[in-house]
Amino acid sequence: MSSKNCFHCGAESGKKPIVFNEKDFCCNGCKTVYEILNANELTCYYDLQNAPGTIPKEIKGKFNYLENTEIVEKLLEFNDGSTSVVEFYIPSIHCSSCIWVLENLTKLNKGIITSMVNFPNKTLRITFKNDLSHLKELAELITSIGYEPYISLEDNDKKLHKVDKTLIYQVSIAAFAFGNIMLLSFPEYFQVDEFWLEKYKYLFRWLMFAMSIPVVFYSAKGYFISALKGLKHKILNIDVPIALGISVLFFRSTVEIFLDIGTGFFDSLAGLVFFLLLGKFFQQKTYNFLSFERDYKSYFPIAVTKIENGIEKNIPVKNIQKGDRLLIRNEELIPVDGILISGNAAINYSFVTGESIPTEKQSGDKLFAGGKQTAGVIEMEVINTISQSYLTQLWSNDIFNKPIDFTIKTLTDSISKYFTIAILCIAFVAGLFWYFYNPSMAFNVVTAVLIIACPCALALSAPFAIGNMLRIFGYKKFYLKNAGTIENIAKVETIIFDKTGTITTSNKTELLYKGSELSIDEFRMIKSVLRASNHPLSRTLYNFIDEKPLSESLTEFEEVIGKGIIATINKVTIQLGSASFLGVSLNSTNETAIYVKINNKLKGGFIFKNSYRNGLMEVFEELSKNYKLVILSGDNDGEKKYLESVLPKSVCFEFNQKPEEKLNYIKLLQQNGEKVMMIGDGLNDAGALAQSDVGISISEDVNVFSPACDAILDAKLFNKLPKFLTLSKKTIQVIKASFLISLLYNIIGMYFALTGQLTPVVAAILMPLSSITIVIFVTILTNWISKKQSI
Amino acid sequence: MEVIYITIGVSIVVAIFFFIIFIKTVKSGQYEDTYTPSVRMLFDDELVTESDKDKQKNSQSTK
């Protein structure tokens, strides 16, 4: 029987769809959104895109902290007493219908004046009247139609500094000057011996001079500053020959027009600066909807419910004091260390320590910060404030406060050292030669050498190659933080994987039943018993069993926390639980399992297996050919035998690793001179990700939290990982190839310079030509190699 | 050919004028988002749906 698709979100409506207005919906949430849109005549939403919605989540009580004026003040962008402006980051914006509905919010709430979406950044800016609307109301409204905002104070603080537009201004000035100077220099190029040219050439020359001044002193100032910095640290980075070339160009051209020797090289100067800045601009690819800098502060909620004298109050997380009583609801995070007072606690620490199965805690047990409560409401008493919690201690590690290292890191910088020395020697030797041979040419030749040898081609290869590759990667959902990451990836020799969440997927847990066969009736009885339990393992097993539960009710039911369940149904006694609870002896002690006894006879056990990502074995197989592979896990070693059997022999395993231990392991490898890449997903990997040379964070949903890293990889593309790594290596090879081409240009140019034939025309042709050919060559080649790899 | 002073002078003034306008627009933040306006432009304004028309007809007939 085919099931229809939900009219709102497109998912399968299942066997019992909810019907409304002759349309099928998969759940009450989608039906509610449709009702809201229908009532306000916004059904155009569905015309724009087929099934554009996402399933809305529960919102009761979720935004209570927005009633707190302190928090509201921090979140509002603007507030003049009557009107306020707020910007929400909404990760679920994904199509044109989203834009349409969010910009039509005025129809859903009278207090909203305007709402504007910024699609690339996935933000929504709402202007509203203070007396008609409130921030909490707005958040609840957009959540109810399926667009839940991700509110984090930490992200807010960082967003406040404005986008840096200096580079845009510099490029535009250089472009303006380049075009105009080029035109103004044509008259003298076409050396027409007309009288009027002799009279007016000074006009053209001085105009060119005037236009070059902002180019040299504003647009190119970055290069001078960087070159001076490099020289101070005794390093010859790529900006040194660039700055040298620009200054010599300007100096010689100015001398020429003052002394009326010639027309100067202003057009080459402007062209050079323009192309270099264009390269810089192209290399900057920022993903505004992602954040590569998130730490634990963005992971924690903004506020938590505190119980004071029996009354529930919302307080900001940073105001939590020792001794406070907190109320933690289902699916909420525990923000501080504390002791469990009451409630059924099943805490999921997979993000923090890497344990895959939630742990049950009893009253009086210590609860650590960072875990997610998964079994209802609990009350706890605070032991440590947020800055003293165990989790935040991890961030006091030195690795997070590393000062910026000022050494040669990139390929271009390492070549520039030899380049600079080479051209200085050549210039010196040439100057000496011509001084004795024909002194009048000496100045001409020395400056010509320094001008033409300017490494514009050298400096353009890397930005365009890497910039293009960054874009290709981003298009394929592998987002890199900056250009340097590609070069670092190409140098990596060892790859370290985290287990839980990285090579396993949390979407489905696989269950394996071992034991004597159970009849359908017996499965149904077990499922009926499980229905009454809230334990996460019970719920997983409940979903796993296909058969329908019995309609009869249980005559007896007893759940022992952390151990198991005893129940009677239809006069049959069913016992479900851990091995120790049922008195079963085990060979392998570390598997998580639910054993079944029916009428006191042991039938077998359901063993919980991690479900591994698609293509895991192929990925490891492919990678083990060129890299050393290690798996560091915070979980127990229950999966060790299985992993050893399916993965290549050379893979190393370490289990029960605490976050600091992972960090130290990497440090040790690095001290041996190895370049290490870490692939992880949770807060427990944060230290390791920062310590490694390249840290990649795997994310099931790139919009939610991922720890600070150098690259974010969408989990669905895990099996393409070897291809991405190979491509990074090939990009470096492309850059090296283009260095050869630029060397060729330099040799040709050097010929002209050394023989004193470097006229402005030759320079004006040679320099843009070399830049353009390098750019085209590099872009075509990177596109070609990525097509060949067929990512 | 003295007119060349005027022609070049005027063209430079015009060019600088456009350049200043460009700087101003970049500063105003127009170009921060170049994708959303392209989508926004395709939306229809106030849609008069069938039910609206029906409501109008009903209210008129009951008067």
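Taken in sequence, the protein lines are chains A and B.
Each residue of the first sequence is one higher than the one before, starting from -18 at the first, in this note's numbering.
Each residue of the second sequence is one higher than the one before, starting from 886 at the first, in this note's numbering.
Built from N, CA and C at the ideal position, the CB exists for glycine as well.
Just so you know, these numbers come straight off a predicted model, no measurement behind them.
Just measuring C-alpha positions, the residue of Lys609(A), Gly596(A) and Gly654(A) sitting nearest Ala696(A) is Gly596(A). The alpha-carbon of Glu491(A) is positioned some 38 Å away from that of Tyr46(A). Ranked by how close their Cα comes to the Cα of Met361(A), the residues Asp145(A), Ile288(A), Val627(A) and Tyr416(A) have Ile288(A) in first place.
With respect to chain A, the C-beta atom of Phe904(B) has a partner C-beta closer than 8 Å. The C-beta distance from Leu535(A) to Ala548(A) rounds to 5 Å, short enough to fall under 8 Å. Setting aside the 5 residues that flank it on each side, Ile550(A) is surrounded in the same chain by Met506, Ser509, Val510, Leu531, Glu533, Leu535 and Thr536, each with a C-beta closer than 7 Å to its C-beta; the list follows chain order.
Taking 4 residues as the shortest admissible run, the region 26 to 106 of chain A contains the following complete alpha helix (DSSP H) segments, listed from N- to C-terminal end: 50 to 56 and 77 to 84. Val911(B) has a beta carbon lying within less than 8 Å of a beta carbon in chain A. With contacts defined as CB atoms closer than 8 Å, Asp248(A) and Ala745(A) qualify as a contacting pair. Counting along the chain, Gly260(A) sits inside the alpha helix (DSSP H) bounded by residues Phe247 to Gln264.
Taking C-beta separations shorter than 7 Å and ignoring five residues to either side along the sequence, the partners of Val742(A) in its chain run Tyr170, following chain order. Restricting attention to Lys88(A), Val632(A), Val430(A) and Ser153(A), the CA atom closest to the CA of Ile901(B) is found in Ser153(A). Within chain B, the residues whose beta carbon sits less than 8 Å from that of Lys146(A) are Val911 and Lys912, listed in sequence order. In terms of CA proximity to Ala224(A), Gly203(A) leads the group Ser234(A), Thr244(A) and Gly203(A). Proximity of chain B to Leu18(A) at the Cβ level (cut-off 7 Å) is not reached, the minimal Cβ distance being about 12 Å. Against Pro101(A), the close residues of chain B are Asp918 and Tyr920, in the order they occur along the chain (beta-carbon pairs closer than 7 Å).
Check the Cα spacing between Phe686(A) and each of Asp618(A), Leu698(A) and Gly663(A): the tightest is with Gly663(A). Listed as beta-bridge partners of Leu413(A) by DSSP are no residues whatsoever.
Boundaries of the beta strand (DSSP E) around Lys582(A): Lys582 to Lys590.
Tyr330(A) and Lys639(A) have their alpha carbons spaced roughly 12 Å apart. Distance from the Cα of Ser923(B) is smallest, within the candidate group Ser709(A), Asn21(A), Val0(A) and Pro101(A), for Pro101(A).
Legend: CB atoms of the region 71 to 83 of chain A lying less than 7 Å from CB atoms of chain B belong to residues Ser77, Ile80 and Trp81. Met598(A) and Ile908(B) have their C-alpha atoms spaced approximately 54 Å apart.
At a cut-off of 8 Å between C-beta atoms, Val98(A) counts as an interface residue with respect to chain B.
Look at the beta carbons and you see the region 233 to 244 of chain A not touching the region 210 to 224 of chain A: under three pairs across the two are nearer than 8 Å. In summary, no residue of the region 260 to 285 of chain A has a CB separated from any CB of chain B by less than 8 Å.
Residues of chain A whose Cβ lies closer than 8 Å to the Cβ of Ile891(B) do not exist; the shortest such Cβ separation is about 12 Å. Scanning chain B for C-beta atoms nearer than 9 Å to the C-beta of Ile194(A) yields nothing, as the closest lies near 14 Å away.
Under the criterion of beta carbons closer than 8 Å, Tyr131(A) and Pro72(A) qualify as touching, at roughly 6 Å. Here the alpha carbons of Ile679(A) and Ile447(A) stand approximately 22 Å from one another.
Going by C-alpha positions, Leu613(A) is about 25 Å away from Ile315(A). Under the 10 Å beta carbon count, Lys342(A) is surrounded by 16 or more other beta carbons and is classified as buried.
With distances taken between CA atoms, Glu539(A) lies nearest to His516(A) out of Phe525(A), Ile526(A), Leu522(A) and His516(A). Excluding its 5 nearest sequence neighbours in each direction, Thr104(A) has C-beta neighbours in its own chain below 6 Å: Glu68 and Tyr70, listed in chain order. At a cut-off of 8 Å between C-beta atoms, Ser153(A) counts as an interface residue with respect to chain B. Taking a Cβ-Cβ cut-off of 8 Å, the neighbours of Leu184(A) in chain B comprise Ile889, Tyr890 and Ile893, given in sequence order.
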